[in-house]
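Chains as they are written, first to last, in our numbering: chain A, 1217 to 1328; chain B, 4 to 116.
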Amino acid sequence: DAMVIQNPRYQVTQFGKPVTLSCSQTLNHNVMYWYQQKSSQAPKLLFHYYDKDFNNEADTPDNFQSRRPNTSFCFLDIRSPGLGDAAMYLCATSRDLEETQYFGPGTRLLVL
Amino acid sequence: AQSVTQLDSQVPVFEEAPVELRCNYSSSVSVYLFWYVQYPNQGLQLLLKYLSGSTLVKGINGFEAEFNKSQTSFHLRKPSVHISDTAEYFCAVSGTGFQKLVFGTGTRLLVSP
Chain A
1217 DAMVIQNPRY QVTQFGKPVT LSCSQTLNHN VMYWYQQKSS QAPKLLFHYY
1267 DKDFNNEADT PDNFQSRRPN TSFCFLDIRS PGLGDAAMYL CATSRDLEET
1317 QYFGPGTRLL VL
Chain B
4 AQSVTQLDSQ VPVFEEAPVE LRCNYSSSVS VYLFWYVQYP NQGLQLLLKY
54 LSGSTLVKGI NGFEAEFNKS QTSFHLRKPS VHISDTAEYF CAVSGTGFQK
104 LVFGTGTRLL VSP
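Written out as structure tokens, the structure is:
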């Protein structure tokens, strides 16, 4: 089945220790998104890639970076995680910019 | 810019009863509207969407929603809920032409026996 896959499902890191979250898709969609969802809050868009073009949201901290080495994979790098970065991180894809977004199961990040 | 208001943070309901989850949006342009469901520790699953055409949209799991432009609403309904419908429900809006998906704060549906 075509899908959006996120690994790992749970990630524990230490304060200040860089961490990378992974997303892959078998949908061959052009657009990939990263959202941050804190407890009991709505998902918040961090950035998206349209093909290789990176688009950062204005209020996304510099601590958050992303890479998309090919169509199928997209990574979220948190350079120096703080306690406030503990959240669920959701990856989504869409065929094009106006198309419906399909979400992966998320990675829950815990910062100790 | 678009915004979404989900007035009810939590809706308790008994099994087999009908339910309506309310969603109102604000936008100066034409919109696309979505309902997503999120089960505990899971990602978001698309329930249904309104892009154009018929204002009554049917989705998965027996849910439906009606787009009401004059009232700027997109309420989600189900005639008879199951225990398994217990989850968080998010209404979302985007402007036509790429504008980012904006989510409401969510409504927790609690179905009890």
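The beta-carbon is built from N, C-alpha and C at its ideal position, and this holds for glycine as well.
Top-ranked residue by Cα proximity to residue i, from the options
i              : options                           : result
residue 90/B   : 62/B, 66/B, 113/B and 83/B        : 113/B
residue 73/B   : 94/B, 31/B and 21/B               : 31/B
residue 1205/A : 1251/A, 1295/A and 1232/A         : Summary: the structure shown does not reach residue 1205/A, with chain A confined to residues 1217 through 1328, and so no result is reported for it.
residue 1277/A : 1295/A, 1236/A, 1269/A and 1268/A : 1295/A
residue 1328/A : 1316/A, 1317/A and 1298/A         : 1298/A
residue 95/B   : 28/B, 17/B and 4/B                : 28/B
residue 1317/A : 107/B, 37/B, 6/B and 17/B         : 37/B
residue 1279/A : 1285/A, 1261/A, 1255/A and 1301/A : 1301/A
residue 51/B   : 44/B, 45/B and 40/B               : 40/B
residue 59/B   : 93/B, 88/B, 76/B and 9/B          : 76/B
residue 108/B  : 1281/A, 1255/A, 1285/A and 1238/A : 1255/A
residue 57/B   : 64/B, 71/B, 63/B and 44/B         : 71/B
residue 6/B    : 1219/A, 1225/A, 1232/A and 1258/A : 1258/A
residue 1320/A : 42/B, 33/B, 35/B and 25/B         : 42/B
Cβ neighbours of residue i in the same chain (closer than 8 Å, five flanking residues each side left out)
i              : result
residue 1271/A : 1263, 1264 and 1265
residue 21/B   : 80, 81, 82, 83 and 84
residue 1268/A : 1284
residue 1235/A : 1227, 1229, 1293, 1294, 1297 and 1325
Cutoff 7 Å; reference residue i; Cβ partners in own chain excluding five residues on either side
i              : result
residue 1313/A : 1247 and 1266
residue 1322/A : 1222, 1304, 1305 and 1306
residue 49/B   : 37 and 39
According to DSSP, residues forming a beta bridge with residue i
i              : result
residue 1321/A : DSSP output for residue 1321/A lists no bridge partner at all.
residue 76/B   : 27/B and 71/B
residue 110/B  : 92/B
residue 87/B   : Paired residues: none, contrary to the question.
residue 1221/A : 1240/A
residue 1173/A : Residue 1173/A is absent from the structure shown; chain A starts at 1217 and stops at 1328.
residue 1229/A : 1327/A
residue 55/B   : Partner(s): none; residue 55/B has no beta bridge.
residue 15/B   : 113/B
Contact set for residue i: own chain, Cβ-Cβ below 6 Å, skip 5 residues either direction
i              : result
residue 67/B   : 61 and 80
residue 23/B   : 78 and 80
residue 19/B   : 83
residue 1326/A : 1228 and 1302
Closer than 7 Å: residue i CB and nearest the ligand MN heavy atom
i            : result
residue 40/B : The ligand MN is absent from the structure shown, which contains no ligands of any kind.
CB contact check: residue i to chain C, cutoff 8 Å
i             : result
residue 106/B : Note that chain C does not occur in the displayed structure, where the protein chains are A and B.
query = Taking three-plus beta-carbon pairs below 8 Å as touching, is the region 1292 to 1310 of chain A in contact with the region 1242 to 1262 of chain A?
reply = Yes, the region 1292 to 1310 of chain A is in contact with the region 1242 to 1262 of chain A.
key: Contact residues within the region 57 to 84 of chain B, judged by C-beta distance below 7 Å to chain A   = Those residues of the region 57 to 84 of chain B placed with their C-beta closer than 7 Å to a C-beta in chain A do not exist.
inquiry  = Tell me whether the region 1284 to 1302 of chain A and the region 13 to 31 of chain B touch, counting them as touching only if at least three CB pairs, one residue from each stretch, are closer than 8 Å.
reply    = Because the criterion of three Cβ pairs below 8 Å is not met, the region 1284 to 1302 of chain A and the region 13 to 31 of chain B do not touch.
key: Near-chain B residues of the region 1302 to 1317 of chain A - C-beta to any C-beta below 7 Å   = Taking 7 Å as the Cβ-Cβ cut-off, the region 1302 to 1317 of chain A approaches chain B at 1306, 1313, 1314, 1316 and 1317, given in chain order.
message = Can you pull out the residues from the region 1221 to 1255 of chain A whose beta carbon lies closer than 7 Å to at least one beta carbon of chain B?
response = Within the region 1221 to 1255 of chain A, contact with chain B at the beta-carbon level (separation under 7 Å) is assigned to no residue.
request  = Below 7 Å between beta carbons is the criterion; list the residues of the region 1263 to 1287 of chain A that meet it against any residue of chain B, in chain order.
outcome  = Under the 7 Å Cβ criterion, the region 1263 to 1287 of chain A contributes no residue.
ask   = What residues in the region 32 to 48 of chain B have a beta carbon less than 9 Å from any beta carbon of chain A?
value = Cβ proximity to chain A below 9 Å picks out 35, 37, 39, 41, 44, 45, 46, 47 and 48 from the region 32 to 48 of chain B.
message = Taking beta-carbon pairs under 9 Å, can you tell me which members of the region 87 to 100 of chain B lie near chain A?
response = Result list: 91, 93, 95, 97, 99 and 100.
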